[in-house]
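The sequence shown maps to residues -23 to -1, 1 to 404 in mature numbering (1 follows the signal peptide of the UniProt record, and there is no 0). Don't be surprised by glycine CBs; every beta carbon is placed ideally from N, CA and C. Please read all numbers here as calculations on a predicted model, not as lab measurements. What follows is a set of notes on a single structure, which appears directly below.
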Amino acid sequence: MKNKKTLMALSLSCLLVSTYSQAKSSLGAYVDHDAWSLTTIDQFNADTARDVSTINVFSTFDHDWNNLTVQASNIVSRNAVPMISWMPYSSQNSESNVLLEIVDGQWDDYIASWIADFKGWQESYEGDNKPSILLRFAHEFNGNWYAWGNQPENLKAAWQYLHTKFTEAEVNDSVGWVWCANNVDVDDHSDVIKYYPGNDRVDWLSIDGYNWGSNYSFTSWKSFDETFSQQYVKMVTAIPNKPLMLAEVSSAEGHDLPDTNWGQNGDDNDANESKEAWIADMLQSIQTSYPAIKSIVWFNTNKELSWALNQAGNTGITAYNDAVIEDFFSGAMNIKSTVDASEPVGGVLTDIIDPAPKGKDKVKGNKKEQQSSRSVDSVKLTGIEKAMDVSRMPVVVGERLLEKEAEGLRNMPKEELLRWRAKEIVE
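Written out as structure tokens, the structure reads:
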């Protein structure tokens, strides 16, 4: 009997490992021109080995949904999900605290109009296949460069208020809420969980993180683990039942030189580093040590540094393409969270085995394109699987480098800081 139980346990374990290993991650990007043009979307898809399933765009409270219609429609026309980085900021009064104003009801008319126009846009699509969106509200809230940063209680209250408005409008089934922190805490709290508005109001955890190289006096060339492991472990340990997205991720080039026009005064000691190697390591590490990461959204523009993959002077696309052609990165974007750590162990087999046909890849040129969003991605993970995931937690490294980075950002003049992080966004 003991041997039979052991054999059953081993068989079940193998089933779980095999099933979890099939859980796929999806790909996304931010592209130049905020998706106003199809050209940059099509060029990124043409240059990469797998089409993106998410495209990030930025919008402030200066603009309603109608201002997003062209962008969102462009994205949907390319079989991707629009992710709206919705920033509680108004250029008409840049010093106002929009988070407090939201809870006070001062933005109710704007919110109602935004939701109504969004629903109208959805209804413009025939049949039952209405497009959905991801909503990344008040991203990088644990930083000091945005007006909404460093306010955990106000952020939670505004988030909950907004979420309730969307629920009352019966539109939340079409909206995936993305809670997005910066990879390093540059606030007065050093604990992103203080900003968390609750499991019932969040569908995706998310982190923004960049390898800035040595272009600033307070930054150094950081590996993927040094950039993300600390915040990742904090998040998935405290909130183990949500998928995680890298909503903005990129690396500088080793050949990037400090640009004083951007306040860069680093020593450029990373000239021999490789963006190709950085990307290869990132995509391998995600597969082996970061099981919660289910979406990777590359920041594909050359701004203060050479972040893009496929523009003049860029490297990294070879390593990117060599990795993403693998089946692991063939996932479709599912806007709603699908991981449930509270499932009873007894329900494991009925939860794991999915009788529905899995999505099949069709070949498009030399790349694969996802046919269906119905796959193992949508199967709930059980307590046993979750325990296995935890055993794959990355070792936290790079803490001193991140502390130095945070201190440098705290000491940066406000004007430089806003320009550094927000110039292309809020103007």
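| Item | Value |
| --- | --- |
| Distance between residue 192 and residue 239 (C-alpha atoms, nearest Å) | 10 Å |
| Residue range of the unbroken alpha helix (DSSP H) whose run includes residue 129 | 129 to 145 |
| Nearest neighbour of residue 281, chosen from 300, 12 and 229 [CA to CA] | 229 |
| Reduced DSSP secondary structure (H/G/I, E/B, other) of residue 60 | strand |
| Neighbour-count burial assignment, residue 234, 16 or more Cβ in a 10 Å radius | exposed |
| Beta-carbon proximity check, residue 224 vs residue 33, cutoff 8 Å | yes |
| Cβ pair residue 42, residue 94 closer than 8 Å | yes |
| Status (buried if at least 16 other CB within 10 Å, exposed otherwise) for residue 81 | exposed |
| Rounded Cβ spacing between residue 263 and residue 297 (contact assumed at less than 8 Å) | Actually they are not in contact, since the Cβ atoms of residue 263 and residue 297 sit about 12 Å apart, beyond 8 Å. |
| Closest Cα partner of residue 49 within the set 4, 212, 302 and 13 | 13 |
| In DSSP terms, what residue 226 is bridged to | 186 and 275 |
| Residues sharing a beta bridge with residue 110, DSSP | 152 |
| Proximity of residue 78 and residue 195 at Cβ, strictly below 8 Å | no |
| Extent of the continuous alpha helix (DSSP H) to which residue 204 belongs | 201 to 215 |
| Simplified DSSP state of residue 266, which is helix, strand or coil | helix |
| Contact check, residue 216 vs residue 142, beta carbons under 8 Å | no |
| Near the ligand PLP: residue 382 beta-carbon under 7 Å from a heavy atom | With respect to small molecules bound, the structure shown includes none, and the ligand PLP cannot be examined in it. |
| Limits of the beta strand (DSSP E) - the one that residue 192 falls within | No beta strand (DSSP E) contains residue 192, which DSSP labels as neither H nor E. |
| When 161, 59 and 101 are compared against residue 205, the one with the closest alpha-carbon | 161 |
| Contact set for residue 57: own chain, Cβ-Cβ below 7 Å, skip 5 residues either direction | 29, 30, 31 and 32 |
| Coil, strand or helix - residue 17 by DSSP | helix |
| Selected residue, minimal CA-CA separation from residue 284, among 293, 303, 294 and 227 | 227 |
| Secondary structure of residue 377, DSSP reduced to three states | helix |
| Identity of the residue in 293, 292 and 312 nearest residue 156 by Cα | 312 |
| According to DSSP, residues forming a beta bridge with residue 34 | 61 |
| Coarse secondary structure for residue 7, derived from DSSP in three states | strand |
| Alpha carbon of residue 352 to alpha carbon of residue 271, nearest angstrom | Because the pLDDT of residue 352 is 32, which lies under 50, any placement of that residue in the model is unreliable, and the number read from its coordinates should be weighed accordingly. Going from the Cα of residue 352 to the Cα of residue 271 covers about 13 Å. |
| Strand pairing of residue 159, partner residues [DSSP] | 185 |
| Spatial neighbours of residue 376 in its chain, beta-carbon cut-off 8 Å, leaving aside the 5 residues before and after | 207 |
| Residue 175: first and last residue of the uninterrupted alpha helix (DSSP H) it sits in | Counting along the chain, residue 175 falls outside any alpha helix (DSSP H), and DSSP gives it neither H nor E. |
| Rounded straight-line distance, which links the Cα of residue 305 to that of residue 338 | Residue confidence for residue 338 is low, a pLDDT of 45 falling below 50, so the modelled location carries little weight; the figure read from the coordinates is stated next. Taking the straight line joining both Cα atoms gives about 12 Å. |
| Residue 231 beta carbon less than 8 Å from that of residue 251 | yes |
| Supposed close pair residue 395, residue 189 - CB separation, criterion 8 Å | Actually they are not in contact, since the Cβ atoms of residue 395 and residue 189 sit about 17 Å apart, beyond 8 Å. |
| Limits of the alpha helix (DSSP H) - the one that residue 100 falls within | 85 to 100 |
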